[in-house]
Amino acid sequence: MEDAVVCPNCGEQNPADMPFCQHCQWRLRTLEAEWGTDQEVRPSNAPASPQRDKSEDASVPDWLRASRSQASHDSAAFGGRLEAGRQPAAPPSDDDLLAGLAQQDQPQDEEIPDWVARIVGMSESGSPGQAPSSENESELLEGAPPADQAPSAEHGIGQEESQSWARDSLPLATDIGPQEGANRYADAMGTQESGTEKSEINEWLRNLDAAAAASPEPPAGPGLSASENVPTWVRRMTGVPDGQPQETPGPADPVPDWLSGSPGRSGEPVSAPPSSLGIPTRSQGRPLEATDKASGEAPAQSATSAAISRGVVPAFPLEDIQKLDVDAVFASMQMPVWMAGVNPPEATSVSDLPPAAQEEEPIAPADLPSWVRAMRPVVSGVDQAAKLEADKHLEGRGPLLGLQGVLPALPGAALPSGRPESHSMKLDVSERHRAHARLLESMIAAETQPLPLQGTGQFRSHRMLRWAISAILVVGLGANVLTGARNFPLPAGVPNESIAGIQAVESLPPDATVLAVFDYEPATVGEMEATAASLMHHLLLLKHPRLAVISTSPTGSALAGRFLAGALADRAYMRGVHYVDLGYLPGGLAGVRSFAQNPTAAVPLGASSEQVWDSSVLLGTRRLSDFAAIILLTDSLESGRVWIEQTAATRGTSPLVMVASAQAGPMLLPYFDSGQADGLIAGLNGAAGAEIANNGLPGLVRRYWDAYSLGLYLAALLITLGSTWHVGIGIRERRAETA
Amino acid sequence: MRVLAIVLAVLSGFVVLAGYFVPTFTEIQIVLLNWAIILAGAATIVGVFNLILVHADRIHKREKGGTYSGILLIALFAAFLLGLVLGPGHADMRRLVNAVVVPAETSLMALLAVSLIYGSVRLLARRPDLMSVVFLATAVLMLLASATLPFGQASALNDFIRPWIQHVLALGGARGLLIGVALGTLVTGLRVLVGADRPYEGA
Amino acid sequence: MTTDFLSSAAAILLTVMVLSYLVGDNPAFRIAVHVFVGVTAGYVAAVAWWQVLLPDLILPLVVGSAATRAMLAVPLLLSGLLLMKAWPPLSRLGAPAMGMLVGVAAAVAIGGAIQGTLFPQLQATLESTDPERLGSLEGFVNSALVLVGLITSLAYFQFSASVKADGSVRRLGLIEFVAAIGAVFLAITLGVLFAGAYSAALTALIERLHFLASFIGLG
Numbered sequence: 007m008e009d010a011v012v013c014p015n016c017g018e019q020n021p022a023d024m025p026f027c028q029h030c031q032w033r034l035r036t037l038e039a040e041w042g043t044d045q046e047v048r049p050s051n052a053p054a055s056p057q058r059d060k061s062e063d064a065s066v067p068d069w070l071r072a073s074r075s076q077a078s079h080d081s082a083a084f085g086g087r088l089e090a091g092r093q094p095a096a097p098p099s100d101d102d103l104l105a106g107l108a109q110q111d112q113p114q115d116e117e118i119p120d121w122v123a124r125i126v127g128m129s130e131s132g133s134p135g136q137a138p139s140s141e142n143e144s145e146l147l148e149g150a151p152p153a154d155q156a157p158s159a160e161h162g163i164g165q166e167e168s169q170s171w172a173r174d175s176l177p178l179a180t181d182i183g184p185q186e187g188a189n190r191y192a193d194a195m196g197t198q199e200s201g202t203e204k205s206e207i208n209e210w211l212r213n214l215d216a217a218a219a220a221s222p223e224p225p226a227g228p229g230l231s232a233s234e235n236v237p238t239w240v241r242r243m244t245g246v247p248d249g250q251p252q253e254t255p256g257p258a259d260p261v262p263d264w265l266s267g268s269p270g271r272s273g274e275p276v277s278a279p280p281s282s283l284g285i286p287t288r289s290q291g292r293p294l295e296a297t298d299k300a301s302g303e304a305p306a307q308s309a310t311s312a313a314i315s316r317g318v319v320p321a322f323p324l325e326d327i328q329k330l331d332v333d334a335v336f337a338s339m340q341m342p343v344w345m346a347g348v349n350p351p352e353a354t355s356v357s358d359l360p361p362a363a364q365e366e367e368p369i370a371p372a373d374l375p376s377w378v379r380a381m382r383p384v385v386s387g388v389d390q391a392a393k394l395e396a397d398k399h400l401e402g403r404g405p406l407l408g409l410q411g412v413l414p415a416l417p418g419a420a421l422p423s424g425r426p427e428s429h430s431m432k433l434d435v436s437e438r439h440r441a442h443a444r445l446l447e448s449m450i451a452a453e454t455q456p457l458p459l460q461g462t463g464q465f466r467s468h469r470m471l472r473w474a475i476s477a478i479l480v481v482g483l484g485a486n487v488l489t490g491a492r493n494f495p496l497p498a499g500v501p502n503e504s505i506a507g508i509q510a511v512e513s514l515p516p517d518a519t520v521l522a523v524f525d526y527e528p529a530t531v532g533e534m535e536a537t538a539a540s541l542m543h544h545l546l547l548l549k550h551p552r553l554a555v556i557s558t559s560p561t562g563s564a565l566a567g568r569f570l571a572g573a574l575a576d577r578a579y580m581r582g583v584h585y586v587d588l589g590y591l592p593g594g595l596a597g598v599r600s601f602a603q604n605p606t607a608a609v610p611l612g613a614s615s616e617q618v619w620d621s622s623v624l625l626g627t628r629r630l631s632d633f634a635a636i637i638l639l640t641d642s643l644e645s646g647r648v649w650i651e652q653t654a655a656t657r658g659t660s661p662l663v664m665v666a667s668a669q670a671g672p673m674l675l676p677y678f679d680s681g682q683a684d685g686l687i688a689g690l691n692g693a694a695g696a697e698i699a700n701n702g703l704p705g706l707v708r709r710y711w712d713a714y715s716l717g718l719y720l721a722a723l724l725i726t727l728g729s730t731w732h733v734g735i736g737i738r739e740r741r742a743e744t745a
Numbered sequence: 339m340r341v342l343a344i345v346l347a348v349l350s351g352f353v354v355l356a357g358y359f360v361p362t363f364t365e366i367q368i369v370l371l372n373w374a375i376i377l378a379g380a381a382t383i384v385g386v387f388n389l390i391l392v393h394a395d396r397i398h399k400r401e402k403g404g405t406y407s408g409i410l411l412i413a414l415f416a417a418f419l420l421g422l423v424l425g426p427g428h429a430d431m432r433r434l435v436n437a438v439v440v441p442a443e444t445s446l447m448a449l450l451a452v453s454l455i456y457g458s459v460r461l462l463a464r465r466p467d468l469m470s471v472v473f474l475a476t477a478v479l480m481l482l483a484s485a486t487l488p489f490g491q492a493s494a495l496n497d498f499i500r501p502w503i504q505h506v507l508a509l510g511g512a513r514g515l516l517i518g519v520a521l522g523t524l525v526t527g528l529r530v531l532v533g534a535d536r537p538y539e540g541a
Numbered sequence: 090m091t092t093d094f095l096s097s098a099a100a101i102l103l104t105v106m107v108l109s110y111l112v113g114d115n116p117a118f119r120i121a122v123h124v125f126v127g128v129t130a131g132y133v134a135a136v137a138w139w140q141v142l143l144p145d146l147i148l149p150l151v152v153g154s155a156a157t158r159a160m161l162a163v164p165l166l167l168s169g170l171l172l173m174k175a176w177p178p179l180s181r182l183g184a185p186a187m188g189m190l191v192g193v194a195a196a197v198a199i200g201g202a203i204q205g206t207l208f209p210q211l212q213a214t215l216e217s218t219d220p221e222r223l224g225s226l227e228g229f230v231n232s233a234l235v236l237v238g239l240i241t242s243l244a245y246f247q248f249s250a251s252v253k254a255d256g257s258v259r260r261l262g263l264i265e266f267v268a269a270i271g272a273v274f275l276a277i278t279l280g281v282l283f284a285g286a287y288s289a290a291l292t293a294l295i296e297r298l299h300f301l302a303s304f305i306g307l308g
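First to last, the sequence lines map onto chains A, B and C. The numbering of the first sequence is the numbering used here, which starts it at 7 and goes up by one. The numbering of the second sequence is the numbering used here, which starts it at 339 and goes up by one. The numbering of the third sequence is the numbering used here, which starts it at 90 and goes up by one.
Next comes the structure, spelled out in structure tokens:
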């Protein structure tokens, strides 16, 4: 949309050339912008010179031309009549909206219509009064459509809409002749178009002014009581008998200044606004004709009565105004210059009219596209169209006193209501809000995200270091394995704990029942088989025990079978004959405790669900202490600790010999040192002594020892070199920083 | 359910603990321990079920690594069905363990050798302090003392340095760690028994 | 024979695929690891069924006496509730079974820690200071070092601190000094453990190299 304008009230977009918002009827353009002038908008401002050229005349439609001619004729007659009754203009005040009109220099071709002159009066000089304050004027003009909009065909305003606008703006505008209009007005006002009309007009205006000045207090009671200050026409309309005290409007409802400045009240003539001004202001009341005939006159009358009952005096009672002919008013006035270039709209359908113009029917909501409706703010319980349609509020104060439905139902307008409107609590989230929320969420989530790694340069060097270490180890060890070299001798010294374990095994009686616990994982199969092979081979070789194999690991049974069938294959121990497989003991320390307390209850059947406790292997064995010894093969501190702790009370005198991995040996050493374990063979270093004691059988330690020693030396070398390198780099960097 | 869990935990815990010190509770302690063994076996099944659900969900959502999860599930169901039919003690099941489980796990352990050296080489670069130096010096000393020299051995390292470090310096620290672990186990167990900690309530 | 060859070939293949991680992460390594996890999980499930649930729960319920069945009603019910933990919507039902497991394990841990570690280790520490057992100066020094290492190591894990005048939070000065010594002993202990861990891993690598060499007829 080119040059779209956003409504400051509802936020909807409107065409740039729209003076009012299509949705809420908020004024989008100030009157200054409308008139193209930088001056304050005041009724006293002299309008642009109505210089009409011939070209303009050619483009002026017939109806406009006819109205101009009528207006010029009537104004001439009206001006003559008013001359005699002109009073000195009252000193203009800030509240005198139309006072400024008297100060305006009326161009020669601008004649004041009769009805205007009667209302506001004319000064002796024929000049309008002083300009009223701009504040009041802006108040009056607020919400009013600019004059050049109403009859514009570009805005799709139809003939009827222009008439209704005109009726709204000019209460006396009718399509009857000026004379007839004046007569009708006079009848409505209770006066006749006679020579005494001027004096009577001045009289009631003067009376009104005096009444307002004398009684600023709020009205004492409802109703309008007749007094000497209440004009006759007012009394006639409201039915208040004469003589009754007048109920003047209170301080909350002061007499409008434009009334106070009128002749008859202040004694000073108030210049009639120039006809060229012709500002259609809503303050001038509803049209004379019943433009809302569809809604009936009864509501208008009741509204007027209601206003009167509240103690206010409507300047233009709705009922009388509706009776006036709007077209006659137009015909009686000279069209101002700013309307010269206005063309009547094309004949359009009623639906093209803005809601305010569709007064023949209830105002229907705009038929917006679905996507536009989705963008509208969520306002629950408030239907703006319904508001406009149902707006029957009677203005009780200010210049709109007595008028009804003049101003549209503006959102947020202070409508008299005993109950506050309910508003939706639904959060109106726009796309921008969502974007901000997503940004905030990403910022918060980023706080818990790990920082990215360093640059690729360091990563590449790390990868090279790993490759170098891998290559050194694999190549070095692989070469030794492939060549089968035996350059590194086994250690001569045997640890004390290894010696103790060997002695504990050698002290067992022959053909005893020994419990072998295979509590190591498949990952340490190579080391554990090499570490335990010598001791177990020595045991099986010397003592021929009957083995009961058990494990707290699900794969222990399989590893036990692999060990007995692999490293101890020469012993030819057969399952069911030489050993039984008690299988998997679940529960960790609870299972060990249960087995320690009652082995037969903890493991009732063997690994293959066979009866084991009555077999020849475990004959006579029912408790843990019945086992001659417990050989614990473990690669973890946890497993060794559990077996030591839980079997301490029920093991009796049965020795516990631990065969541990090199990674668990140092932590299990305190148990050997405290006497809770009778032996500890840890790693290849500890197994070397057992292999020596077993006459080098089965020889796994010897097989691995060269590569093992080489690997240890390579590791020590790499660690030393690498640490020295990094220390040197660190020292150099610190020196560089200090330098 | 929550209250029942707390009651069961506290009650069973106190009964089992009493069995350590009061002979009267030994029998019921054995009963509760046997029940715990059965529950532990069921917990193993639950763990396998959870593994299946995790990888099945990854496949269902077509996440990254879903192909590998499919391979895992195929291997899992194949091994389970084979074990269910043949039994874990069957020769073929042992052969399956020796062909798949042992080589893979042992190889993973072998990778650890490279990682340990790599980490120790870079230790001083990341944390250059006295403790790191003592740690590395002890490690290097123990490595050197555990091996033998070609064409002979260094008696000083093998016969004196290594035993002294392991049986004197490291023994004190190891014993301190064991006592500290025991004290921590005692405190944690008591907190569970009195209901202060309830790890069984889950998320 | 064929079966053995196939199992050996599979072992070789898996060994090479896993060791390929030395070069870098690759699909072969991932496949090997996933196959390993799957086979292990399936095997473990089969072991749990055959060696725990069937002999300890199912068979006694089927062929056992009335008293046995009555005694197994509780673990049967709790096992059923425990199986509900596999489904997130019903996982809360498994809380009682987990509670019993945790309670029993905690009690066993307490009993084992007191009877199996605390008392024996403290007793051993006290006995190590017995002059009659020391024998020589070397023994005395060694025992003293062990005792110092024990006490300072325990002090290192003493984290009670107070706010000082300058606003910093520090432990007591004596504790700080003792803890610093304990840190040295702990560093030595961890160094020894590191050497042991490397020895175990090195042995595993050597075993795998021997396996590869034996498969190709070398080594």
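Quick reminder that beta carbons are idealized off the backbone N, C-alpha and C, glycines included.
As summarised for the segment 530–601 of chain A, the continuous alpha helix (DSSP H) elements at least 4 residues long and confined to that stretch are 531–549, 562–571, given in chain order. In terms of CA proximity to ALA374/B, LEU190/C leads the group TYR245/C, ALA286/C, LEU190/C. DSSP places ILE368/B in the helix class (H, G or I) of the three-state scheme. Taking 9 Å as the Cβ-Cβ cut-off, the segment 270–287 of chain C approaches chain B at GLY271, ALA272, VAL273, PHE274, LEU275, ALA276, ILE277, THR278, LEU279, GLY280, VAL281, LEU282, PHE283, ALA284, GLY285, ALA286, TYR287, given in chain order. Using a Cβ distance threshold of 8 Å, TYR110/C and ALA451/B do not count as a contacting pair.
Judged by DSSP secondary structure, ASP525/A falls within the beta strand (DSSP E) whose first and last residues are 519–525. For GLN682/A against GLY285/C, the beta-carbon gap comes to about 20 Å, at or over 8 Å, which does not count as contact.
Among the CB atoms of chain A, one or more fall inside 8 Å of the CB of LEU291/C.
Within the same chain, and ignoring the five residues on either side of VAL609/A in sequence, the residues whose Cβ sits closer than 6 Å to its Cβ are LEU588.
Taking VAL122/C as the centre and dropping the five residues before and after it, the same chain places no C-beta closer than 6 Å to its C-beta.
Sorting GLU527/A, ASP684/A, LEU625/A, ALA39/A by C-alpha distance to the C-alpha of GLY658/A places ASP684/A at the top. Residue burial is scored here from C-beta neighbours: GLY131/C has at least 16 other C-beta atoms within 10 angstroms and is therefore classed as buried. Nearest neighbour of PRO516/A by Cα position, chosen from LEU457/A, ALA654/A, LEU547/A, turns out to be LEU547/A. Three or more Cβ pairs drawn from the segment 597–615 of chain A and the segment 646–655 of chain A lie within less than 8 Å of each other, which places the two stretches in contact. Each of LEU638/A, GLU533/A, LEU595/A was checked against the Cα of ALA694/A, and the nearest Cα belongs to GLU533/A. When 8 Å is used as the limit between beta carbons, ALA613/A is near these residues of chain B: PRO426, GLY427, in chain order. In this model, LEU243/C and LEU565/A are separated by some 38 Å (Cα to Cα). Between HIS544/A and ILE505/A a beta carbon distance of about 12 Å is seen, past the 8 Å cut, so the two are scored as non-contacting.
Of the other Cβ atoms in all chains shown, fewer than 16 fall within 10 Å of the Cβ of LYS399/B; this residue is therefore exposed. Residue pairing by DSSP places SER251/C opposite ARG259/C in a beta bridge. Close partners of ASP93/C in chain A (Cβ separation under 9 Å) are lacking, with about 12 Å as the shortest Cβ gap. At a cut-off of 8 Å between beta carbons, LEU294/C contacts chain B.
Nearest in C-alpha terms to TRP377/A, of all of ALA745/A, LEU720/A, ALA539/A, GLU18/A, is GLU18/A. Under the 8 Å Cβ criterion, the segment 192–206 of chain C counts as touching the segment 368–384 of chain B, having at least three qualifying pairs.
At least 8 Å separates the beta-carbon of GLY626/A from that of VAL618/A. In the structure shown, ARG513/B adopts helical secondary structure according to DSSP, grouped into three states.
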